[in-house]
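K.L.:
Protein chains in written order, with my numbering: chain A, 4 to 213; chain B, 4 to 213. Below you will find the structure I want to go over with you.
Number of protein chains: 2
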Amino acid sequence: MPAEPLSRARIVSTAIDLIEREGADAVSMRAIAAELGVGVMSLYNHVPNKEALLDAVAETVLSQIEFTDDPDAEWTDRVRMQALAFRQIAHHYPRCTMVVVSRQLRSTAGLLPVERALATLRGAGFGGDEAVRALRVFIAYIVGSLLREVGVTPTFAPVHRSDIRVGEVDPLLFPQVGELAPALHECDHEAEFAFGLELLIQAMALQLKR
Amino acid sequence: MPAEPLSRARIVSTAIDLIEREGADAVSMRAIAAELGVGVMSLYNHVPNKEALLDAVAETVLSQIEFTDDPDAEWTDRVRMQALAFRQIAHHYPRCTMVVVSRQLRSTAGLLPVERALATLRGAGFGGDEAVRALRVFIAYIVGSLLREVGVTPTFAPVHRSDIRVGEVDPLLFPQVGELAPALHECDHEAEFAFGLELLIQAMALQLKR
DNA sequence: CTCCAGAGACGTACACCGTACGTACGCAAT
DNA sequence: ATTGCGTACGTACGGTGTACGTCTCTGGAG
Numbered sequence: 004m005p006a007e008p009l010s011r012a013r014i015v016s017t018a019i020d021l022i023e024r025e026g027a028d029a030v031s032m033r034a035i036a037a038e039l040g041v042g043v044m045s046l047y048n049h050v051p052n053k054e055a056l057l058d059a060v061a062e063t064v065l066s067q068i069e070f071t072d073d074p075d076a077e078w079t080d081r082v083r084m085q086a087l088a089f090r091q092i093a094h095h096y097p098r099c100t101m102v103v104v105s106r107q108l109r110s111t112a113g114l115l116p117v118e119r120a121l122a123t124l125r126g127a128g129f130g131g132d133e134a135v136r137a138l139r140v141f142i143a144y145i146v147g148s149l150l151r152e153v154g155v156t157p158t159f160a161p162v163h164r165s166d167i168r169v170g171e172v173d174p175l176l177f178p179q180v181g182e183l184a185p186a187l188h189e190c191d192h193e194a195e196f197a198f199g200l201e202l203l204i205q206a207m208a209l210q211l212k213r
Numbered sequence: 004m005p006a007e008p009l010s011r012a013r014i015v016s017t018a019i020d021l022i023e024r025e026g027a028d029a030v031s032m033r034a035i036a037a038e039l040g041v042g043v044m045s046l047y048n049h050v051p052n053k054e055a056l057l058d059a060v061a062e063t064v065l066s067q068i069e070f071t072d073d074p075d076a077e078w079t080d081r082v083r084m085q086a087l088a089f090r091q092i093a094h095h096y097p098r099c100t101m102v103v104v105s106r107q108l109r110s111t112a113g114l115l116p117v118e119r120a121l122a123t124l125r126g127a128g129f130g131g132d133e134a135v136r137a138l139r140v141f142i143a144y145i146v147g148s149l150l151r152e153v154g155v156t157p158t159f160a161p162v163h164r165s166d167i168r169v170g171e172v173d174p175l176l177f178p179q180v181g182e183l184a185p186a187l188h189e190c191d192h193e194a195e196f197a198f199g200l201e202l203l204i205q206a207m208a209l210q211l212k213r
């Protein structure tokens, strides 16, 4: 029973599964090897080290973004679509998001979204430098939003179960936080993301008319 | 030579130093203990575990934000000030930024900026839910920007030394990236941050007039 | 003064981590 | 038949966080 021959792809795939199932911290070479029913050191025949493996994880996740780009649509719609596509994979691989975002890739998978976004922005009429600046703003917002969404960053989302101790903050020291506790504790991630995205897109459009 | 008696504050402080000097990955209980000329397990008399220590690091850094808030100023100016104050400590403790940002604090130090921002926004005329939404957008943008700035997130900033191989990307696959490589490889972090921040503030102001 | 309790510093030990290195096996080319 | 290479694997080393037991010191109570 040769069981399938152990390949880089299979290793990366089970790494992703493991991250999604048990979290990024629980990923170890030993755990991955055990999952595959294989000796630990066998992994190193296909992957130079753990860092490279995590790069591959990021790349694989990133390459699954489904861009459905309509070249005839308004640039605002196209930018929105790209941002939402990005968010969608983060939603699909929530525990991998931190790994993806915190690792700069110079590979095709990493550069493709950048290329796409720059093309869209320049097609809209932005100059080269302007397009780069705009892209950076969008990326910052998207990354920040996704990190909140997957719970690494604060903002009181109900990331993990309740300390529904709403009244636990001192309302004398923190009157606003106290009063707005209900709003702070619930978060429709999709709506919040869309709100800020729309804000940015409108601001960009306004910027363009000058 | 009793050398000063080893306290939680001293531990946190040398942890911060160590992070800034050697990076967040290099921080271990043993390294901190060695730095203090102390046994490893002595640390646990003042800190329950490493997680709590990193929380304390985040809290300490956060508590050093200098808010110079002028209650008579325009709310736009006040929001800008708060965002810049936040960025400033990240600039002062670059290697700690990731630690600060990736750890949600329910403590005073973590809640104070939130309280402040909410008060400012509501004072400007935003409703409760609107203020929360606005704050979330700002936080997302700030967090995303800081992560780029300290080099954990991509975007081609010259975070570390050169692969000034500008021509290394295939200009056929990535014409935009190829053409805009110079712009992509240089990044005036402060200007970029200010640009997006202004964009957001203006968009918010526009949102307010309705 | 003695005595004793509590606190803090520390050493040892364990389980786990990434991975360098050496070994064993199967298949392709010589 | 022999050689060589690629792959799987075990062992081992130096690192990690921390549970536990021990030692020493200090500051009141008797």
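Glycine included, C-beta positions come from ideal geometry on N, C-alpha and C. Remember, it's a predicted structure, so these values are computed and weren't measured experimentally.
1. So residue 150(A) and residue 135(B) are supposed to be a Cβ contact under 8 Å. How far apart are they, rounded?
2. Mind listing, in chain order, the continuous alpha helix (DSSP H) runs of no fewer than 4 residues lying wholly within the region 51–84 of chain A?
3. Any C-beta of chain A within less than 8 Å: which residues of the region 188–206 of chain B qualify?
4. Kindly indicate which residue of 177(A), 105(A), 132(A) has the alpha-carbon position closest to the one of residue 156(B).
5. Using a Cβ-Cβ cut-off of 8 Å (strictly less than) and excluding sequence neighbours within five positions of residue 144(A), which residues of its own chain qualify?
6. Below 7 Å CB to CB, which residues in the same chain sit around residue 30(B) once its five sequence neighbours on both sides are set aside?
7. Using a Cβ-Cβ cut-off of 6 Å (strictly less than) and excluding sequence neighbours within five positions of residue 12(A), which residues of its own chain qualify?
8. Would you verify that the beta carbon of residue 96(B) is, or is not, closer than 8 Å to some beta carbon of chain A?
9. Can you pull the chain B residues whose beta carbon is under 7 Å from the beta carbon of residue 132(A), in chain order?
10. What did DSSP end up calling residue 205(A) once you bin it into helix, strand or coil?
11. What whole-angstrom Cβ distance do residue 121(B) and residue 183(A) have, given they're in contact under 8 Å?
12. Rounded to whole angstroms, what is the Cα-Cα separation between residue 66(A) and residue 101(A)?
13. Under DSSP, the alpha helix (DSSP H) around residue 101(A) begins and ends at which residues?
14. Rounded to whole angstroms, what is the Cα-Cα separation between residue 133(B) and residue 15(A)?
15. Determine whether the Cβ of residue 136(B) lies closer than 8 Å to any Cβ atom of chain A.
16. Is the region 73–82 of chain A touching the region 41–56 of chain A in the sense that three or more CB pairs, one from each, lie closer than 8 Å?
17. Tell me, please, whether the CB atom of residue 92(A) is closer than 8 Å to any CB atom in chain B?
18. Looking at the C-beta of residue 161(B), does it have a partner C-beta in chain A at a distance below 8 Å?
19. What residue from 179(A), 206(A), 125(A) has the CA that sits closest to residue 178(B)'s CA?
20. To which residues of the same chain is residue 68(B) closer than 6 Å at the C-beta, ignoring the five residues directly before and after it?
21. Buried or exposed for residue 148(B), please, with buried defined as at least 16 other CB atoms from any protein chain shown within 10 angstroms of its CB.
22. Since residue 205(B) and residue 206(A) should fall inside the 8 Å C-beta cutoff, what is the C-beta to C-beta distance between them, to a whole number of angstroms?
P.N.:
According to the structure data:
1. That belief does not hold up - the Cβ atoms of residue 150(A) and residue 135(B) are roughly 18 Å apart, past 8 Å.
2. 53–65
3. For the region 188–206 of chain B, which is checked against every Cβ of chain A, the residues closer than 8 Å are 190, 195, 198, 199, 202, 203, 205, 206.
4. 105(A)
5. 199, 200, 203
6. 18, 21, 22
7. none
8. no
9. 186
10. helix
11. 6 Å
12. 16 Å
13. 100–104
14. 42 Å
15. It does: the Cβ of residue 136(B) has a partner Cβ on chain A nearer than 8 Å.
16. no
17. So, not an interface residue.
18. Residue placement at residue 161(B) is flagged as unreliable, the pLDDT there being 40, under the threshold of 50; the coordinate-derived value follows with that caveat. So, not an interface residue.
19. For the options 179(A), 206(A), 125(A), the alpha carbon positioned closest to that of residue 178(B) is the one of 125(A).
20. 88, 92
21. buried
22. 6 Å
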